[in-house]
Amino acid sequence: MTSLFISDLHLDKERPQVIKFFNNLLDNLDADIDSLYILGDFVEFWVGDDDPAYGLEDVFKNIKSISRKIDVYFMHGNRDFMISKSFCINSGMKLLDDPTIINLYDKKILLMHGDTLCTDDFKYQEFRTMVRSKSWQNEILKKSLSDRISIAKMFRAKSLQETDAKNEIIMDVNEEEVIRIIKKYHVDMIIHGHTHRPNIHQLTIDGKKCKRIVLGDWYDKSFVLKISENKTTIDKANLS
4 MTSLFISDLH LDKERPQVIK FFNNLLDNLD ADIDSLYILG DFVEFWVGDD DPAYGLEDVF
64 KNIKSISRKI DVYFMHGNRD FMISKSFCIN SGMKLLDDPT IINLYDKKIL LMHGDTLCTD
124 DFKYQEFRTM VRSKSWQNEI LKKSLSDRIS IAKMFRAKSL QETDAKNEII MDVNEEEVIR
184 IIKKYHVDMI IHGHTHRPNI HQLTIDGKKC KRIVLGDWYD KSFVLKISEN KTTIDKANLS
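4 is the number of the first residue of the sequence shown in our numbering; add one for each residue after it.
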């Protein structure tokens, strides 16, 4: 059997080609696929479960349909952390904590969105702490839908502006934090997204060989990590 891992699709009605590609992926899954893990930033933004999700209606219908055949797991990212557990259940997805440990083909694997590994980005980590708090989310959900959408768009614009101004190194993972996390959870592998820097990093920690697999974003290309008993591959395809 084979497990699929994706992240950072940033699905949005303004990018219909990505929506079409993802729906096509679900419609044509190989017979040996038994699970799909979505590790955050699945959508461009989410303002609560009354989010109209314009252009994404077929995506969630498709996920629910495919969840009758395979297990579909979802983990929050920094764009879609307001997706609730009840919405996941209604859509056929199982909500995962960040981080989550899974055991796959005799490997102990830590799944993360990846933003908590970027400890050098102090400003982002402060923002993350604020927006992930229940008190902040409860206050936001009291606002009207139109106000919440405006706030989300404001945050998105601000994030793009700050990203352009930040040093590239600050926005990547902190290697010491990676080592600390691997030691803390005693895992063979970390799989995460967020940084938009797809790669397979080979590590040796205290004499033990480990991997850190970084999933790619779906802007110019799609990235689908496939793990089976004897093989690990990353399938790429142009989205334009």
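Idealized CB from N, CA, C, for every residue including glycine.
Query	Result
Spatially closest choice to Lys214 from Asp220, Pro201, Phe226, by CA coordinates	Pro201
Ala34, buried or exposed, once every other Cβ within 10 Å from all chains shown has been counted against 16	exposed
Asn27 (DSSP reduced to helix, strand or coil)	helix
Helix, strand or coil at Asp61 according to DSSP, with G and I counted as helix	helix
Arg71 classed as buried or exposed, judged by whether at least 16 other C-beta atoms fall within 10 angstroms	exposed
Reference Ser87; option with closest CA among Val181, Asn141, Pro19, Ile216	Asn141
Inter-residue spacing [alpha-carbon to alpha-carbon] between Asp61 and Lys156	23 Å
Contained alpha helix (DSSP H) runs [length at least 4] in the segment 155 to 200, N- to C-terminal order	171 to 174, 178 to 188
Three-way DSSP call (helix, strand, coil) for Tyr222 in this model	coil
Pairwise C-alpha distance: Leu242 and Ala56	21 Å
Closest by C-alpha distance to Ser136, when choosing among Lys111, Cys121, Met85, Lys126	Met85
Which residues DSSP lists as bridging His116, in chain order	Paired residues: none, contrary to the question.
Ile41 - DSSP class collapsed to helix/strand/coil	strand
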